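First residue of the sequence shown: 1, per full-length UniProt numbering; consecutive thereafter. The C-beta atom is built at its ideal place from N, Cα and C for all residues, glycine as well. None of these values were measured; they are calculated from a predicted model. Structure record follows, encoded as structure tokens.
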Amino acid sequence: MYFLIQANVYLEPDHYKIFDALEELNIDYGVVNIPPNAEKIDFETQRKDVFVYGSVTIARLAKQNPDWFPGSFYGGNHLYEVYSKYYGENLLNHKVSVHKISEDLSWKKDETKFIKPYNEAKIFTGRVFNEIEWKDFVFEALENQSNRITEESLVQISEAKRTLKEARLWIVGGQIIDAGYYKFNENAPFEENVSEEGLSFANKMIQIYSLEKAFVMDICQTDDGWKIVEINCINSSGFYPNTNVKSIIKALNIYFS
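Given below as structure tokens:
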């Protein structure tokens, strides 16, 4: 398989690991720069067995090349409105509302909300906001002409909930290829490897609904057990320091070849 990798991914410090993995595995790949406002991928290849990796932009634009396989899994089943029908209360944020970022929200005294992008995952990082923090964020985001946030950008809002620890799982062909923690609550004991309980939960979720041949699932442990934080497109999901990138690339190459 041929990997087409976006070079100019500046906000992902571990992005370089994919080049090391491809070199070690002796897998063919090409490199392309994608301008922020690009309307197509300016890269030509005779290969049809192409997998793209980089930002949301390259994942989205790759859908213009339907003859690339596997190409990109962007969109479709990755939308909350699709996968939430299957995972239901197994989602950390089961009850959500969707709004334009420019809408005025209703806030109770001392309330916090978890707010994240709805259909453009990387326009900002989802997190917990209070009223003042959110209003300041929206003002600055709409004033900043260099980002992709507009008054029409959609956000997903839910109740802020406490997590004990969070992990990212890379899934190919229905199998968990790699799993690693990326966040611990200050009161949670450190674990080097994702617990068997967490992996068992994730495997049950995959059996309920495996939304693509390859995707990324973030899970967390809460006071009410394990939950799914969110589902991510594998073509634009970032690596963490403990991610075994070589294993992921090897699995993708074998499965889709």
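By Cβ distance below 7 Å, which residues in the same chain neighbour PHE201 in space, the five residues on each side in sequence not counted?
-> Locating residue 201 in the sequence shown gives position 201, where the first residue counts as 1. Counting only Cβ-Cβ distances below 7 Å, and skipping sequence neighbours, we find ILE219 and TRP226.
From ARG127, GLN6 and GLN156, residue whose alpha carbon lies closest to that of ASP42: Within the sequence shown, residue 42 is the residue found at index 42, counting from 1. Shortest Cα-Cα distance from ASP42 to any of ARG127, GLN6 and GLN156 involves GLN6.
| Which residues in the same chain have their Cβ closer than 6 Å to the Cβ of ARG60, if we skip the five residues on either side of it in sequence? | What you label residue 60 is simply residue 60 of the sequence shown in a count that begins at 1. These residues qualify, in order along the chain: TYR74.
Going by the CB atoms, is the gap between ILE27 and ILE249 shorter than 8 Å?
If you number the sequence shown from 1, residue 249 lands on position 249. If you number the sequence shown from 1, residue 27 lands on position 27. The beta carbons of ILE249 and ILE27 sit closer together than 8 Å.
By DSSP, does ILE27 sit in helix, in strand, or in coil?
Here the question's residue 27 lines up with position 27 in the sequence shown. The answer is coil: DSSP assigns ILE27 none of H, G, I, E or B.
Buried or exposed: GLN156, going by 16 or more other Cβ atoms within 10 Å of its Cβ?
The residue labelled residue 156 in the question sits at position 156 within the sequence shown. For GLN156, the number of other beta carbons within 10 angstroms of its own is at least 16, and it is reported as buried.
Comparing C-alpha positions only, which one of ASP223, ILE231 and GLU111 sits nearest to MET217?
Here residue 217 corresponds to residue number 217 of the sequence shown, with the count starting at 1. Here the closest residue by C-alpha is ILE231.
Taking Cβ to Cβ, would you say ILE208 is nearer than 8 Å to ILE171?
Against the sequence shown, residue 208 aligns to sequence position 208. Against the sequence shown, residue 171 aligns to sequence position 171. Contact flag unset, no.
Member of GLN64, ILE254 and ASN93 whose CA lies at the smallest distance from the CA of LYS40:
Numbered from its first residue, the sequence shown carries residue 40 at position 40. For the residues GLN64, ILE254 and ASN93, the minimum Cα distance to LYS40 belongs to GLN64.
Leaving aside the five residues before and after ALA214 along the sequence, list all residues of the same chain whose C-beta is less than 6 Å from its C-beta, in chain order.
-> As a position in the sequence shown, residue 214 is number 214, starting the count at 1. Excluding positions up to five away in sequence, the list reads VAL172 and ILE234.
Boundaries (first-last residue) of the alpha helix (DSSP H) holding MET217
As a first step, residue 217 is located in the sequence shown; it is residue number 217 there, counting from the start. Not the alpha helix (DSSP H): MET217 falls in the beta strand (DSSP E), residues 214 to 222.
(message) In this structure, how does DSSP classify HIS78 when only helix, strand and coil are distinguished?
(response) On the sequence shown, position 78 is the one that residue 78 refers to. Of the three classes helix, strand and coil, the one that applies to HIS78 here is helix, per DSSP.
**Asked** Just curious, the beta strand (DSSP E) that VAL98 is in, first and last residue?
**Response** The residue you call residue 98 lines up with position 98 of the sequence shown. Segment 97 to 100, the beta strand (DSSP E) holding VAL98.
Leaving aside the five residues before and after THR45 along the sequence, list all residues of the same chain whose C-beta is less than 8 Å from its C-beta, in chain order.
-> Counting from 1 along the sequence shown, the entry for residue 45 is found at position 45. Around THR45: TYR2, LEU4 and GLY30.
For GLU197 and LEU142, the rounded distance between their alpha carbons: By one-based count along the sequence shown, residue 142 stands at place 142. By one-based count along the sequence shown, residue 197 stands at place 197. Cα to Cα, LEU142 sits roughly 42 Å from GLU197.
Please report the straight-line C-alpha distance between PHE69 and ALA62, rounded to a whole angstrom. Here residue 69 corresponds to residue number 69 of the sequence shown, with the count starting at 1. Here residue 62 corresponds to residue number 62 of the sequence shown, with the count starting at 1. The straight-line gap from Cα to Cα measures roughly 10 Å.
message = Less than 8 Å between the beta carbons of GLU81 and GLY238, yes or no?
response = Numbered from 1 along the sequence shown, position 81 holds the residue referred to as residue 81. Numbered from 1 along the sequence shown, position 238 holds the residue referred to as residue 238. In this structure, the beta-carbon distance from GLU81 to GLY238 does not fall below 8 Å.
- Would the C-beta of SER195 count as close to the ligand GTP, meaning under 7 Å from any of its heavy atoms? With respect to the ligand GTP, the structure shown offers nothing to examine, as it has no ligands at all.
- Query: CA-CA distance, ASP136 and SER102?
  - Reply: Taking the first residue of the sequence shown as 1, we reach residue 136 at position 136. Taking the first residue of the sequence shown as 1, we reach residue 102 at position 102. Distance between the alpha carbons of ASP136 and SER102: 12 Å.
Note to self: When you compare the CB positions of PHE256 and PHE51, do they come within less than 8 Å of one another, or not?
What the structure shows: For the purposes of this step, residue 256 is identified with residue 256 of the sequence shown, where counting begins at 1. For the purposes of this step, residue 51 is identified with residue 51 of the sequence shown, where counting begins at 1. Yes.
(Q) Taking DSSP's pairing of strands, which residues face GLN6 in a bridge? (A) Position 6 of the sequence shown, counted from the first residue, corresponds to residue 6. Bridge partners of GLN6: VAL32.
Continuous beta strand (DSSP E) stretch holding VAL52: start and end: Within the sequence shown, the letter at position 52 stands for residue 52. Its beta strand (DSSP E) spans residues 50 to 53.
Original post:
Do PHE114 and ASN93 have their C-beta atoms within less than 8 Å of each other?
Top reply: Taking the sequence shown and counting its residues from 1, the one referred to as residue 114 is at position 114. Taking the sequence shown and counting its residues from 1, the one referred to as residue 93 is at position 93. Going by C-beta atoms, PHE114 is nearer than 8 Å to ASN93.
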